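Peer 1:
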Amino acid sequence: MRLDKYLGQSGVATRSEATKFIRARRVCVDGAVVRDPAVHIDPDTASVTLDGQVVVWREFTYVMLNKPTGYVSSTEDRGPTVMELLPPQFVRMGLFPCGRLDIDTVGFLLVTNDGVLGHELLSPKHHVDKTYRFRCDPPIGEEQRRQLCAGVDIGDIVTAPAEVVLYGDLPACEGEITIREGKFHQIKRMFHAVGSEITYLERIRFGGLSLDTSLECGEWRYLTPEEEAVLRRSAGRNA
Ligand code: URA
């Protein structure tokens, strides 16, 4: 792979910035300054530095974002999008939110440029679990919990079985719900169908991964290689 492409794909520079950095002798490969942006390197074995800092090679980038309220889960919109919470080069690198959380839903949003894995994780074929912490009003009791678990008619579909755990005494206004589908406003419509309304929704698990509780709202971090493997397994791959 060309050195300028390597730098671009790793997210540290655009291709044209990479050319400038290389010509300015700021880039080393295996300890030696390289001045030709077209030089070919093996991304799996080369050690590349920019201004002495190791440039980590990533074929794809996977990011866990703790989405705050007020941001749209898309790459473009009239209002603020989740991409504004991430470094600007992520848009150039083709990252996009994997699935949608409503503008007022907070929590775990995967952002990646791995279109194939993103598609697999969202495909109904793989039944990837998504767990949300909720608050609802009015509170719900055991009968409504059972209805939510069995599946409810939300207009266009009857939802697939879900898991619902209620916190504290019944009727309860807080709990956790795990669904495997991802229909538009699904959880809000499920609660509406049993006579309650969602007042707070936070995704705390997705594809076998839990939201990192050290991330404040609006903060993000790269997934670890182990976490990437968990996602691949959730999507039905061997990792
Ligand atoms: N269900 C909803 O109603 N909203 C979300 O953002 C996610 C699931």
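Under this note's numbering, think of the first position of the sequence shown as 1450, with each following residue one higher.
From the three backbone atoms N, C-alpha and C, an ideal C-beta is built for every residue, glycine too.
Just so we're clear, the structure is a prediction, and the values are computed from it rather than from any experiment.
1. For His1489, which of helix, strand or coil comes out of DSSP?
2. May I ask you to check if the CB of Gly1631 is nearer than 8 angstroms to at least one heavy atom of the ligand URA?
3. When you measure from the CB of His1576 to every non-hydrogen atom of the ligand URA, does any distance come out below 8 angstroms?
4. Answer yes or no: the CB of Lys1469 versus the heavy atoms of the ligand URA, is any distance below 8 angstroms?
5. To the nearest angstrom, report how far apart Thr1463 and Leu1680 are at their CA atoms.
6. Could you check if Asp1702 is buried or exposed, using at least 16 other CB atoms within 10 Å of its CB as the buried criterion?
7. Please indicate yes or no: does the CB of Asp1602 lie closer than 8 angstroms to some heavy atom of the ligand URA?
8. Do Arg1686 and Glu1569 have their beta-carbon atoms positioned less than 9 angstroms apart in this structure?
9. Quick one: is Gln1593 buried, meaning 16 or more other Cβ sit within 10 Å of its Cβ, or exposed?
10. Specify the secondary structure class of Arg1670 as computed by DSSP and reduced to three states.
11. What is the rounded straight-line gap between the Cα of Ser1496 and the Cα of Val1483?
12. State the DSSP-derived secondary structure class of Cys1547, mapped to helix, strand or coil.
13. Look at the alpha carbon of Asp1500 and the alpha carbon of Tyr1671, and state the distance between them as a whole number of angstroms.
14. Express the C-alpha separation of Arg1549 and Val1540 in angstroms, rounding to a whole number.
Peer 2: In brief:
1. Note: His1489 maps to strand in three-state DSSP.
2. yes
3. Not under cutoff, so the answer is no.
4. no
5. 28 angstroms
6. No statement about residue 1702 is possible, as the shown extent of the chain runs from 1450 to 1688 and does not include it.
7. no
8. yes
9. buried
10. Of the three classes helix, strand and coil, the one that applies to Arg1670 here is strand, per DSSP.
11. Straight-line Cα distance between these residues: approximately 12 angstroms.
12. Correct three-state label for Cys1547: coil.
13. Rounded to whole angstroms, the gap between the alpha carbons of Asp1500 and Tyr1671 is 22 angstroms.
14. 17 angstroms
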